[in-house]
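Chains as they are written, first to last, in the numbering used here: chain A, 1 to 339; chain B, 1 to 807.
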């Protein structure tokens, strides 16, 4: 009996070793531990043995069964591993084949520049507001300290609809709308489209975009203006950027300044990009003129403020190295695809 | 505005810095230098040469061989110039030196022209004698230079010395950007004052002292009457007798040339010089031409004809101011004199005019007449009256200095009283608190002193000099402090006051949602003009009475192509698609977010309705349903909760009549989409099919929602029923879906069309359609009976629409 059992184990282990597929293994399992299997038959035969032999024989048979089942399980694992290896080997990809193309639209460079500015100023607590593009003379000129006959009114070649209604020449008109609301303090930027009768060429367009900024509160200083615009310039053009404030004149600010940034191509040494100057002019700004406050019912002795206006195309052209303003309005997909 | 460095130095004698330093410091104190040009650029090793001896060239008829004393030595130079004579002093560029240009006066090469020693037809030549063109200028500015010859220097020039110094070329010319508030800086003196203040150096203005003929009184020679004082606040007149016309001295010619004014003769040059120096235009009349020896300043009559100095006849009107004598007009005030009183070589007695005209009137008149002159462009800015008095006296001082006429005693002046000097209270704390600085009182007062702003210590007031018309209030004074304290020295801080909430408003957020939806669909962002040509309406096939044609017109457009404000956004979109098509770009998808301008009434009395509009358009891959998909995505991302309905329409003539739809949300029109009408596409030059989608953003925003709420998972299983039908061709999918939705009750979860087919195996007049219907209850597991009840309602409805179920 024991010798027979050992023979069975040896046969089984040999057969399992030779089995190549899951089917072969399954057959062996049925042969030994199935309902009509050899081990099962031996277990069934126990009842024919004398009662004193049964425990020993039972133990031996169970041991044999465990040995065989372990061999089967190991073989199964081996086969699974081999099958997996074969499958993976057959599935090798040429990973250098082209990527799947999902059609992706592109944001216009003007919008990208605007979103940059919005990110910077919203981060500093500025609300983004908008004003009308077709505007009353009052908002575009008079309330900004540019009365009739003022030279600045002629310098900005204005498109008129009629004597009183025009296409705004500057987003500064949005300042007036904001002050009129009578809510102080104010911290806003106002992006939008403006119009001037310049013929289309590489640097001019009869319609372009500005972003106006306005801060009004108690105790706002020119130093605050400098600090704010330095933050803006560094965020836009890089941490290394130097900022220069030059005295200038705008009717609606006093003192006024123009702001240059160090040329980001040459770092300020002077190159063809900055025409050898090392500086690039980016915007105009100043402290809100007291008369503008008075026109809008704000007490200039109590409140001060600053305002600035940035040309969006100017920023986009500079920042993305675009050499022709006309590209911005041609909407050629070969241009747009690059942003 | 231009000045030379040396002219500034004439009033700021201690000025001593490099050209670059002058440029930088002036720019930072507010007088922006646009550019500067050293006059000695590319002029190297140029000295005075004395021609000692001239011999004929042995082998060339047109050349001569000169022995030239260049100071320490004598050198040999061969020249072809016809005008050289022994004993002359001439500019000589030595071998190894450089000149600016060729003798033909053509454009100057960037790096100049190098001069080397060499042989000319076998004879050694060690340099070159120079014409004015080779020195980078022209006869226009050096009228004494001969045509096509060597420039001849004054006889007292020292051989070997710097010829450029003698020619006034050791100098630089600066071009400034002057802001409109600084009328005083449209003058050399004004800029010199700024330079003196910037460099903290003394400033010396001309004295304007006139040596007069005490026996002859101006008031006996001329009378002045201003009839229209609103247009002329002051008219000053002076007379000089014994006038002798001739060339002006070299120093004056050089200075005029350096700022681009051509020297003519002493009298003309004096008026031009004073205009540049003081920024006060002047005029000179031959007193013998002035009828009745009287000047009357008055408005012209409508339609009056007048011939100006340039020989052109001009038509005037009642708003044009003229200068008249006892009989006739002799000049247009502030713009140009008349031919009838033009100074000639024979003038004996000259009448000088320096007046103060209304700037706005001069500007408007000059525009109407179509004549803009140097004088008018200065008057336009609005001049200060004191300036005219200084200027006319300066002109007489120069008549003395140039010995070309004798001023009569006194000045005749008509007009308003001169304005008093303005006074402002000195408020150092206020200036500092506006600037965020801590500038000491002492430093401020020092700045004011340099700017000629007086200070009365007793009542602490500032006395503003008359030429500073721009200093009116505290903020203006603060700017002066800032300018000369230095903008760069002002601290850098951030506003530390009240916290504010930043952000985009809802309109902008929804717009961004639409934009990113479009970009996910492969549409790129376009920017189109707000104005366009009215021809667009014809290209869009809009009938004559279409409301879209009621567009706002610009009264002064750049041209017909930019003359109306757009009422439909398609012009820009289709133009852009066409331009891409012309460039053979494939599969182009664009979107735009921009306003259309809808007038409430025309002509405009109130501001129009500016409606932000989302427009998408494409040609190439895709069809109507591509844009419908985009529309749906936009609506979902904008948070529209309810179903949109697409109603077939044929109303829009620019769209295909069988392929257009209006989009409704409830009863409100959100927009439309469709295939562009083939003729419209052709009108714009787009070959093949193009499609557009237009969404009215205000309508979309009004229904949008940004509320987000989690609804939980469905806890009970769904029941799916597929239904396959034969549907008459005229029944639309929209009608079927409405039926499913209306009769499905609460348990209908989704309706999905999964097949639509028409053709073989489907009988004529019908299409085969198959829907997958999913039912689910939130309260329980649905039984077959529950679903069957709904299906029965569906079948009844479908039957009524002539629809058969397919087995």
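Idealized CB from N, CA, C, for every residue including glycine.
Just to make sure I have the definition right: I need the residues of chain B whose C-beta is within less than 8 angstroms of the C-beta of residue 126 of chain A. Which are they?
Going along chain B in sequence order, the residues near residue 126 of chain A (Cβ under 8 angstroms) are 500, 502.
Taking the alpha-carbon positions, what's the residue 301 of chain B to residue 321 of chain B distance?
So the two alpha carbons sit approximately 9 angstroms from each other.
Residues of chain B with CB under 7 angstroms from residue 227 of chain A, in chain order?
Per Cβ cutoff of 7 angstroms: 492, 493, 494.
What in chain B is Cβ-close to residue 254 of chain A, meaning under 7 angstroms?
Going along chain B in sequence order, the residues near residue 254 of chain A (Cβ under 7 angstroms) are 475, 476, 479.
For a quick check, are the C-beta atoms of residue 806 of chain B and residue 753 of chain B less than 8 angstroms apart?
No, the pair does not count as a contact, with Cβ atoms beyond the cut-off.
From the DSSP output, in three-state form, read off residue 306 of chain B for me.
DSSP places residue 306 of chain B in strand when its eight states are reduced to three.
Using the Cβ count rule (16 or more neighbours within 10 Å means buried), how would you classify residue 781 of chain B?
Exposed is the call here.
Taking a cut of 9 angstroms between CB atoms, which residues from the stretch 564-585 of chain B lie near chain A?
Listed by position, the residues of the stretch 564-585 of chain B near chain A (Cβ gap below 9 angstroms) are 565, 572, 573, 575, 576, 577, 579, 580, 583, 585.
Would you say residue 217 of chain A lies against chain B (beta-carbon separation less than 8 angstroms)?
For residue 217 of chain A, the answer is yes, since a Cβ of chain B falls inside 8 angstroms of its Cβ.
Hey, which unbroken runs of the beta strand (DSSP E) at 3 residues or more fall wholly within the stretch 313-394 of chain B?
For the stretch 313-394 of chain B, whole beta strand (DSSP E) runs of length 3 or above, ordered along the chain, are 313-315, 321-324, 329-332, 350-357.
Is there contact between the stretch 564-580 of chain B and the stretch 611-625 of chain B, where contact requires at least three CB pairs shorter than 8 angstroms?
Judged by Cβ distances under 8 angstroms, the stretch 564-580 of chain B makes contact with the stretch 611-625 of chain B, as three or more pairs qualify.
Quick one: Cα of residue 264 of chain A to Cα of residue 171 of chain A, how far?
Approximately 27 angstroms, taken between the alpha carbons.
Do you know offhand how far residue 316 of chain A's Cα is from residue 109 of chain A's?
Between residue 316 of chain A and residue 109 of chain A, the C-alpha separation is close to 6 angstroms.
To the nearest angstrom, how far is the alpha carbon of residue 307 of chain A from that of residue 556 of chain B?
When rounded, the distance between both Cα atoms is 30 angstroms.
Measuring alpha carbon to alpha carbon, tell me which of B:650, B:687, B:155, B:306 ends up nearest residue 674 of chain B.
With distances taken between Cα atoms, residue 674 of chain B lies closest to B:650.
With 7 angstroms as the C-beta to C-beta threshold (strictly closer), list the residues of the stretch 175-201 of chain A near chain B in chain order.
Hits within the stretch, in order: 185, 187, 193, 197, 199.
Would you report the Cα separation of residue 205 of chain A and residue 652 of chain B, rounded to the nearest angstrom?
Rounded to the nearest angstrom, the two C-alpha atoms are 32 angstroms apart.
Let's test the definition: count the other Cβ atoms within 10 Å of the Cβ of residue 286 of chain A and tell me whether it reaches 16, buried, or not, exposed.
Burial call: buried.
Between the stretch 319-330 of chain A and chain B, which residues of the former have CB atoms less than 8 angstroms from a CB of the latter, in chain order?
Taking 8 angstroms as the Cβ-Cβ cut-off against chain B, the residues of the stretch 319-330 of chain A that qualify are 328, 329, 330.
Measure how close the beta-carbons of residue 475 of chain B and residue 255 of chain A come, nearest whole angstrom, since I'm counting them as under 8 angstroms.
Residue 475 of chain B to residue 255 of chain A, Cβ: 7 angstroms. Contact.
If you draw a straight line from the alpha carbon of residue 15 of chain B to that of residue 604 of chain B, how long is it in whole angstroms?
Distance between the alpha carbons of residue 15 of chain B and residue 604 of chain B: 59 angstroms.
State yes or no: is the C-beta of residue 657 of chain B nearer than 7 angstroms to some heavy atom of the ligand ATP?
In terms of ligand content, the structure shown is empty, and the ligand ATP therefore cannot be addressed.
Taking a cut of 7 angstroms between CB atoms, which residues from the stretch 90-112 of chain A lie near chain B?
The residues in question are 103, 104, 105, 106, 107, 108, 110, 111.
For a test of the three-state rule: what should DSSP assign to residue 411 of chain B, helix, strand or coil?
Residue 411 of chain B falls in the coil class under three-state DSSP.
Please list the segments of the beta strand (DSSP E) lying wholly inside the stretch 609-683 of chain B, counting only runs of 3 or more residues, in order along the chain.
Here the runs fully enclosed are 609-619, 644-648, 655-665, 668-676.
Any beta-carbon of chain A closer than 8 angstroms to the one on residue 522 of chain B?
So yes, residue 522 of chain B belongs to the interface.
For residue 7 of chain A, is the classification buried or exposed, using 16 other Cβ atoms within 10 angstroms of its Cβ as the cut-off for buried?
Label assigned to residue 7 of chain A: exposed.
Could you check what DSSP says for residue 433 of chain B in three-state terms: helix, strand or coil?
It is helical.
Quick check: is the beta carbon of residue 32 of chain B nearer than 8 angstroms to any beta carbon in chain A?
Interface residue, yes.
Output, in chain order, the set of chain A residues within a Cβ distance shorter than 9 angstroms of residue 589 of chain B.
Within 9 angstroms Cβ-Cβ: 103, 105, 333.
Would you please state the rounded distance, in angstroms, between the beta carbons of residue 715 of chain B and residue 787 of chain B? I believe it to be under 8 angstroms.
Actually they do not touch by this definition, with Cβ atoms about 18 angstroms apart.
Candidates B:545, B:12, B:710: which alpha carbon is nearest residue 205 of chain B's?
For residue 205 of chain B, the nearest C-alpha among the options comes from B:12.
How about residue 307 of chain B and residue 159 of chain B: do their beta carbons lie closer than 8 angstroms?
Taking 8 angstroms as the Cβ cut-off, residue 307 of chain B and residue 159 of chain B do not qualify as a contacting pair.
Check this for me: beta carbons of residue 136 of chain A and residue 157 of chain A, under 8 angstroms apart or not?
Contact: no.
For the stretch 127-140 of chain A, enumerate the residues whose C-beta is nearer than 9 angstroms to any C-beta of chain B, in chain order.
The residues in question are 127, 128, 129, 130, 132, 133, 134, 135, 136.
Could you name the residues of chain B that residue 287 of chain A contacts, counting a contact when the two beta carbons are closer than 9 angstroms?
Those within 9 angstroms of residue 287 of chain A in chain B are 434, 435, 475, 478, 479.
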